[in-house]
Amino acid sequence: MSERIEIMSVYNPQHFKALLEAVGTIAEEVNVKATYEGLRILTMDTSHVAMVDLQLPARYFDSWKVTNSADTPLIFSMNIKNTIKNAIPKVTKKDAVSLSLVSTSKTADGAPCDHAPEWVVTGKFNTQTKHRMPYLEPTDDEVPEPKLFFKAKARILTEALNVAIQNIASSEHVKLTIDDELDTDANYRIPRLTVSAAGYAGAQEETQFRKGDDAVVEIRKEEDTHATYTLSILQAILKKAGKASEVTTLELTTDTPLKIDAELPLGTLVYHLAPCIGV
Numbered sequence: 019m020s021e022r023i024e025i026m027s028v029y030n031p032q033h034f035k036a037l038l039e040a041v042g043t044i045a046e047e048v049n050v051k052a053t054y055e056g057l058r059i060l061t062m063d064t065s066h067v068a069m070v071d072l073q074l075p076a077r078y079f080d081s082w083k084v085t086n087s088a089d090t091p092l093i094f095s096m097n098i099k100n101t102i103k104n105a106i107p108k109v110t111k112k113d114a115v116s117l118s119l120v121s122t123s124k125t126a127d128g129a130p131c132d133h134a135p136e137w138v139v140t141g142k143f144n145t146q147t148k149h150r151m152p153y154l155e156p157t158d159d160e161v162p163e164p165k166l167f168f169k170a171k172a173r174i175l176t177e178a179l180n181v182a183i184q185n186i187a188s189s190e191h192v193k194l195t196i197d198d199e200l201d202t203d204a205n206y207r208i209p210r211l212t213v214s215a216a217g218y219a220g221a222q223e224e225t226q227f228r229k230g231d232d233a234v235v236e237i238r239k240e241e242d243t244h245a246t247y248t249l250s251i252l253q254a255i256l257k258k259a260g261k262a263s264e265v266t267t268l269e270l271t272t273d274t275p276l277k278i279d280a281e282l283p284l285g286t287l288v289y290h291l292a293p294c295i296g297v
């Protein structure tokens, strides 16, 4: 006889699916930590260049069943790619999705073990489709949380920032610069974010976002900053994060990791991306 641990249910699950896709840009297999407060996925890519931290409070979900404390979280492993492809590939805003952990195995003393995720999609006419995913052993790797201080910040509409990043085609790297320029008419220096191809001597793409532009929510700095990052990773992040977030915050200091905060109505989706030095 199987044991079932109910985790959550969510209606209009397209946003939740978009968040899983955003996490999947960094890692395919992740540990999920669940407590009475909500859900957290903190993981890095295999090369340790990028990190993603997704935190969703219990109130994000329509139903949240976990009662574990922060000291004893419920931990299970999930393959993001397989979940999206096989369990929730075509969910719509009219569907409901629920997640449970199901065990059909027992330890020598009779305790349930090997809990595997089981997704249930309730669609039109209340039809239910169940997808039980293979059990994956949670990893023991602890991901260190970065402690960084930033000298500059830009909040940009995600759609506009994504276009600027996707338009770069002449380089494998992108340079981000936050500085200011003189408005000669007003005799005032205007903060700006410049997104440009890096390490390429020929013609290159460049987009500038200035304070006051329609796509700019905020730009501020303590000092001029610049750093270079891997273009393909940043393109993947913004392409997927754009499905879940309308505004993206970039925080940086010269030649240090970039913090990317894809702002959410509830919860947080934050990336850190290591710089490319000497490019």
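Sequential numbering of the sequence shown, starting at 19, is according to this note's numbering.
We put the CB at the ideal spot given by N, CA and C, even for glycine.
These figures come from a predicted structure and were not determined experimentally.
Three-state class that DSSP yields for residue i in the structure shown
i	result
Lys111	coil
Phe79	coil
Pro130	Its pLDDT being 45, under 50, Pro130 is placed unreliably by the model, and the measurement read from it follows with that caveat. Correct three-state label for Pro130: strand.
Val28	strand
Gln226	strand
Gly260	coil
Asn49	strand
Gly56	strand
Thr157	coil
Glu190	coil
Val67	coil
Glu136	strand
Thr176	helix
Asn97	strand
Ser87	coil
Leu72	strand
Leu200	strand
Val41	helix
Lys165	coil
Lys182	Here residue 182 is Ala; the residue named in the question, Lys, does not match the sequence. The answer is helix: DSSP assigns Ala182 an H, G or I state.
Ala292	coil
Ala105	helix
C-beta atoms of residue i and residue j nearer than 9 Å
i	j	result
Leu291	Ala170	no
Lys229	Arg210	yes
Phe143	Leu179	no
Thr266	Ala245	no
Glu223	Ala187	yes
Trp82	Ile25	yes
Ala134	Pro152	yes
Tyr289	Ala262	no
Lys257	Thr43	yes
Glu190	Leu249	yes
Leu154	Glu264	no
Leu175	Val235	yes
Whole-angstrom distance between residue j and residue i, CA atom to CA atom
i	j	result
Met62	Gln184	23 Å
Ala126	Glu21	Here Ala126 scores only 49 on pLDDT, less than 50, and its place in the model should not be relied on; the value that follows carries that caveat. Their backbone Cα atoms lie some 16 Å apart in a straight line.
Ser116	Ala76	14 Å
Arg58	Phe94	11 Å
Asn49	Pro107	21 Å
Leu345	Tyr78	Only positions 19 to 297 of the chain appear in the structure, and residue 345 is not among them; the question remains open.
Gly296	Ile251	18 Å
Ala216	Asn97	34 Å
Arg150	Asp132	13 Å
Leu37	Asp198	34 Å
Ala40	Val84	24 Å
Glu281	Val181	18 Å
Val67	Thr145	43 Å
Leu92	Thr147	25 Å
Ile102	Ile208	43 Å
Gly56	Leu74	6 Å
Ser121	Lys99	22 Å
Thr60	Ala254	Residue 60 is actually Leu in this sequence, not Thr. Approximately 18 Å between the Cα atoms of the pair.
Ala233	Glu177	9 Å
Ser118	Gly141	17 Å
Arg238	Tyr206	14 Å
Asp159	Leu72	17 Å
Thr157	Trp137	21 Å
Ser27	Asp80	6 Å
Val161	Asp231	38 Å
Reference residue i; option with closest CA among the options
i	options	result
Phe167	Leu268, Leu38, Glu24, Ala52	Leu268
Lys165	Pro293, Thr64, Pro275	Pro275
Leu287	Ile278, Cys294, Glu236	Ile278
Thr90	Lys51, Met69, Ile102, Ala68	Lys51
Val139	Val161, Asp158, Asn104, His133	Asn104
Tyr301	Ser87, Ala68, Ala40, Met69	Any answer about residue 301 is impossible in this case: the structure gives the chain only from 19 up to 297.
Val70	Gln253, Ala45, Gly260	Ala45
Lys195	Arg238, Asp242, Glu47, Ser27	At residue 195 the sequence reads Thr, which differs from the Lys that was named. Comparing Cα-Cα distances from Thr195 to each of Arg238, Asp242, Glu47, Ser27, the minimum goes to Asp242.
Tyr247	Pro293, Val28, Asp231	Pro293
is_contact[residue i, chain C] using C-beta, thresh 9 Å
i	result
Leu194	As a matter of chain content, chain C is missing from the structure shown, which is built from one protein chain.
- Query: Are there three or more Cβ pairs, one per stretch, closer than 8 Å when the segment 31 to 46 is compared with the segment 93 to 112?
  - Reply: yes
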